[in-house]
Amino acid sequence: MYPEIQTGGDEKEPGHKKKGVATLLALFFGMFGVHRFYLGQWILGVIYLMITISTILIASAGGPPFVSFMGISD
Numbered sequence: 041m042y043p044e045i046q047t048g049g050d051e052k053e054p055g056h057k058k059k060g061v062a063t064l065l066a067l068f069f070g071m072f073g074v075h076r077f078y079l080g081q082w083i084l085g086v087i088y089l090m091i092t093i094s095t096i097l098i099a100s101a102g103g104p105p106f107v108s109f110m111g112i113s114d
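Residue numbers (the numbering used here): 41 to 114.
Put into structure tokens, the structure is as follows:
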């Protein structure tokens, strides 16, 4: 009968994460999937991590891993 009273937005739902923190994590550690782990998306985080590790291992077969990984090779 009465409308629900809305709070000022200070209360957050359980599991609610800050988008700014996720953005910074993606910017600095995105290739490792850290932002996905932070957001609770464990499966995607593991997929990111596995792809990154396998790419570095494949790239390191031809030279130093980060040099080859970045596309700067001999």
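C-beta: ideal position from N, C-alpha, C; glycine also.
What you are looking at is a predicted structure, and each value in this text was computed from that prediction instead of being measured.
Next on the checklist: Nearest by alpha-carbon distance to L79: which of A101, A62, F69 and S94 is it?
Outcome noted: A62
Checklist entry - Which residue from Q81, W82, M90 and G60 puts its Cα closest to that of M71? => result M90
Item to check | Close Cβ partners of V74 (< 6 Å) along its chain, the five nearest in sequence each way excluded | outcome: Taken in chain order, the residues that qualify are L65.
Item to check | Expected contact under 8 Å - CB spacing of L67 and R76 to nearest Å | outcome: About 14 Å separates the two Cβ atoms, so there is no contact after all.
Item to check | Other residues of its chain near T92: CB distance less than 6 Å, five sequence neighbours each side excluded | outcome: M71 and F72
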